[in-house]
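In numbering that gives the first Met the number 0, the protein residues as written are 0 to 299.
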Amino acid sequence: MPELPEVEVVRLGLVEHLQGRTIDLAQVRHPRATRRHLAGPSDLIGQLAGARVCGIRRRGKYLWLELDNPLAPGDALPAVVVHLGMSGQMLVRSPGGAEGKHLRILVQFRNQPGQPPAPELHFVDQRTFGGWALEPLVDADGTRLPRTVAHIARDPLDPHFDLEQVVTALRARRTELKRALLDQTLVSGIGNIYADEALWRAQLHSRRPTEKLTRGQARAALTAAATVMTEALAQGGTSFDALYVNVNGASGYFDRSLHAYGQAGRACARCGTAIVREKFMNRSSFSCPRCQPPPRRRTR
DNA sequence: AAGATCGCCTGCAGGC
DNA sequence: TGCCTGCAGGCGATCT
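Here is the structure:
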């Protein structure tokens, strides 16, 4: 489940292998992968051919490739917005190799004279929740963003992330704390795993009403999210090798460093009480019943 | 109108 | 063995 650290690992790998390359040919193998590109797969393919990848950026869990057309300088193309959804992978592969079962989009790049063959980019996505779309860049809060990313809030690793502003906005919500942490229009990049880890670190229960949190509690939850995602990135960033951008790069982290997510029945690393699993928002939440006591009553 | 819920997808684990 | 159910869960659409 790619959340911010996993998407950033992918971005770093794409920068290393694809930055500056020119697209030769794109193939869409499954139309659902381009369902958010309203003009359709053939339009996407046509616009990608000949475009140069001049920048690779990210906000929260959204990734995009900024394109340029060297044949028509100044006639800037849109960005390709990529969302990995639940199971999306961006794999940089040597040409001529085996294709994965769930290959949805294949991009071939132009060979450079005197250089080894250019790698291919494979968008592989088992559950097809992810996809690609070409979009114009718009200005949002002083930053150039693809149109459908403009409503996404800055993530905690963004240099312009304003913690105190988000604390204020979080406490103005009338909902439960974990719902707010997962709301990408409030703070982006946090998914189910890092939400549970942040709440465990901050010693707060997922159902705490946001409007009753102190500033210190709200700050603690957001700071913990930033810390755990930074640590995950540091570990995920070491696990991919050349020509392979590993979306599962965080697997080592999952094994060693998770304190709450998926740990039902295991002893809490802080107090020894067994971690419990609860149903929440049609998914699972894991927490320590002693360190993170549930709110007594929801007073709304 | 903010907040909550639904539907989209596939593979796999577990029960019978 | 094979069918069924539940689970994984991000996000845009839709409801209240």
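Note that CB positions come from ideal geometry on N, CA and C, so glycine has one too. Quick caveat, the model's predicted, so the values are computed rather than measured.
- H150 is classed as exposed because its beta carbon has fewer than 16 other beta carbons within 10 Å across all chains shown.
- Closest in alpha carbon position to V186, among E163, W199, P208 and I55, is E163.
- Under DSSP, Y193 shares a beta bridge with no residue.
- Per DSSP, the continuous beta strand (DSSP E) segment holding D67 begins and ends at Y61 to D67.
- The region 106 to 114 and the region 132 to 139 do not touch, with fewer than three beta-carbon pairs separated by less than 8 Å.
- Counted as a single uninterrupted DSSP element, the stretch harbouring G141 is not any beta strand (DSSP E), since DSSP gives it neither H nor E.
- If you look at D23, you'll find it in the beta strand (DSSP E) that goes I22 to V27.
- Contact between the region 136 to 145 and the region 32 to 47 is absent: fewer than three C-beta pairs spanning the two stretches fall below 8 Å.
- Under the three-state reduction of DSSP output, I274 falls in the coil class, being neither helix nor strand.
- Secondary structure at V227: helix, using DSSP grouped into helix, strand and coil.
- 9 Å or more divides the Cβ of V123 from the Cβ of G96.
- Three or more pairs of CB atoms, one per stretch, sit closer than 8 Å, so the region 164 to 181 contacts the region 192 to 210.
- The Cβ atoms of L169 and A223 do not sit closer than 9 Å to each other.
- In the structure shown, G54 adopts extended strand secondary structure according to DSSP, grouped into three states.
- Counting along the chain, G84 sits inside no alpha helix (DSSP H), nor does DSSP assign it H or E at all.
- Cα atoms of S286 and L83: separation of roughly 27 Å, rounded to the nearest angstrom.
- Between L13 and L66, the C-beta gap is not smaller than 9 Å, which leaves the two residues out of contact.
- DSSP lists V80 as the bridge partner or partners of A132.
- Partner residues in the beta bridge of R92, as assigned by DSSP, are E119.
- In summary, E210 is exposed, with fewer than 16 beta-carbon neighbours lying within 10 Å of its beta-carbon over all protein chains present.
- Cβ contact annotation for F128 (same chain, cutoff 6 Å, sequence separation greater than five): G84 and M85, in chain order.
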